[in-house]
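All remarks here apply to the structure that follows.
Numbering (the numbering used here), first residue to last: 458 to 759.
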């Protein structure tokens with residue numbers, strides 16, 4: 458049993474039957490801190506972050522090898538993620554390319570693993586009932602789990618961005634860059650846009666995080682919850698590529714993920730970005746509410 462669980466047990470045993478005390482804000486912060494430390498200390502989490510950090514390295518090295526003879530990446534075929542043809546001119550474009558390469562699968566898969574294991578993993582390990590000892594409460598615990606998943610969304614995205622920036626600075630020149638619209642902006646402004654893009658990408662993952670959390674409340678098997686979440690991710694990605702489903706595709710959580718590229722236009726196109734963030738908020742509200750409804754009525758036996 459972890460220190461947090463021992464503390465929860467003591468808190469509950471110190472009060473008589475029916476004497477449930479409302480937890481203080483400091484106690485709530487302590488629960489969140491314990492969840493964050495537990496999540497980011499797991500070898501599985503560290504391995505996921507390591508894989509995400511390795512993607513920009515592979516992309517950067519591949520582009521460097523391809524352009525060693527003076528060629529340009531992506532010339533002639535237009536293959537590869539957005540911005541890949543610009544990496545040789547400015548290493549900052551590796552940040553945009555790495556995020557475009559990891560967003561369709563690697564980043565949401567990592568989020569699905571963490572969110573899918575949030576409740577089901579505790580039930581499978583037999584620690585969920587200890588976490589629900591007074592004064593925890595199911596709603597507070599569920600919010601803490603979702604906040605932890607949101608924190609992982611941000612950290613995972615920043616890991617990709619920082620790794621790409623470091624590799625881009627080592628392998629390619631830095632300086633002024635050309636936007637999609639053809640205008641020139643300074644390196645400082647480009648760096649600011651890269652940070653804003655990373656934040657938008659992290660926000661784009663809140664929908665899949667809420668979906669994974671809901672699935673996690675439906676089963677006591679962490680592996681089943683993770684596999685189901687990742688399976689749904691793959692299914693939605695496939696459906697989003699079928700032309701006959703164009704009427705439904707704007708409602709898929711992944712449909713507007715790559716709209717972050719509009720932040721590299723001058724002026725910025727906000728339509729796709731607003732739709733993306735609005736859709737993620739809708740998914741978070743719907744599946745967050747479903748997770749709460751399920752979890753607060755669930756019979757906890759583990």
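For glycine and all other residues, C-beta sits at the position ideal for the given N, C-alpha and C. These numbers were taken from a predicted model, which means no experiment stands behind them.
So, residue i versus residue j, is the Cβ gap smaller than 9 Å?
i, j, result
"residue 548", "residue 486", "no"
"residue 582", "residue 679", "yes"
"residue 562", "residue 691", "yes"
"residue 660", "residue 603", "no"
"residue 721", "residue 609", "no"
"residue 557", "residue 513", "no"
"residue 606", "residue 568", "yes"
"residue 736", "residue 703", "no"
"residue 624", "residue 517", "yes"
"residue 510", "residue 616", "yes"
Return the CA-CA distance between residue i and residue j, expressed in angstroms with no decimal places.
i, j, result
"residue 614", "residue 754", "34 Å"
"residue 715", "residue 750", "32 Å"
"residue 588", "residue 541", "47 Å"
"residue 621", "residue 681", "33 Å"
"residue 508", "residue 746", "32 Å"
"residue 611", "residue 733", "17 Å"
"residue 447", "residue 522", "Summary: the structure shown does not reach residue 447, with the chain confined to residues 458 through 759, and so no result is reported for it."
"residue 496", "residue 645", "34 Å"
"residue 671", "residue 717", "26 Å"
"residue 502", "residue 572", "11 Å"
"residue 687", "residue 566", "6 Å"
"residue 498", "residue 601", "17 Å"
"residue 505", "residue 710", "22 Å"
"residue 595", "residue 586", "10 Å"
"residue 757", "residue 598", "13 Å"
"residue 546", "residue 653", "21 Å"
"residue 743", "residue 662", "15 Å"
"residue 651", "residue 551", "10 Å"
"residue 693", "residue 640", "35 Å"
"residue 524", "residue 494", "42 Å"
"residue 636", "residue 647", "9 Å"
"residue 520", "residue 543", "10 Å"
"residue 490", "residue 752", "22 Å"
"residue 627", "residue 584", "45 Å"
"residue 638", "residue 655", "20 Å"
"residue 723", "residue 500", "42 Å"
"residue 689", "residue 570", "12 Å"
"residue 683", "residue 492", "18 Å"
"residue 631", "residue 488", "43 Å"
"residue 537", "residue 719", "The pLDDT assigned to residue 537 is 42, lower than 50, so where the model puts this residue is not dependable, and the model offers no usable value."
What do you get for residue i, buried or exposed, if any count of 16 or more other CB atoms within 10 angstroms of its CB means buried?
i, result
"residue 665", "buried"
"residue 695", "exposed"
"residue 708", "exposed"
"residue 532", "Any reading at residue 532 needs caution, since the residue's pLDDT is 49, under 50, leaving its predicted position unreliable; the model's value is listed next. Looking at its Cβ environment, which holds fewer than 16 other Cβ atoms inside 10 Å, residue 532 is exposed."
"residue 535", "With a pLDDT of only 38 at residue 535, under the threshold of 50, the placement of this residue in the model should not be trusted; the figure read from the coordinates follows. Its Cβ having fewer than 16 others within 10 Å, residue 535 is exposed."
"residue 643", "exposed"
"residue 560", "buried"
"residue 669", "buried"
"residue 705", "exposed"
"residue 515", "exposed"
Practice prompt. Just list the beta strand (DSSP E) runs in the stretch 604 to 661, keeping only unbroken ones of 3 residues or longer that don't cross its boundaries, in chain order.
Written response: If we require 3 residues or more, the stretch 604 to 661 turns out to have no beta strand (DSSP E) run fully inside it.
Discussion item. Tell me whether the stretch 718 to 736 and the stretch 573 to 586 touch, counting them as touching only if at least three CB pairs, one residue from each stretch, are closer than 8 Å.
Written reply: no
Worksheet item: Whole alpha helix (DSSP H) runs in the stretch 666 to 749 with 4 or more residues, listed along the chain?
Response: Listed in chain order, they are 679 to 696.
Fill in: At least 3 beta-carbon pairs within less than 8 Å: the stretch 699 to 710 vs the stretch 670 to 685
no
Item to complete: Ignoring anything shorter than 4 residues or poking outside the stretch 504 to 573, list the alpha helix (DSSP H) runs there in chain order.
Response: Taking only runs of at least 4 residues, the alpha helix (DSSP H) segments lying wholly in the stretch 504 to 573 are 550 to 559, 563 to 573.
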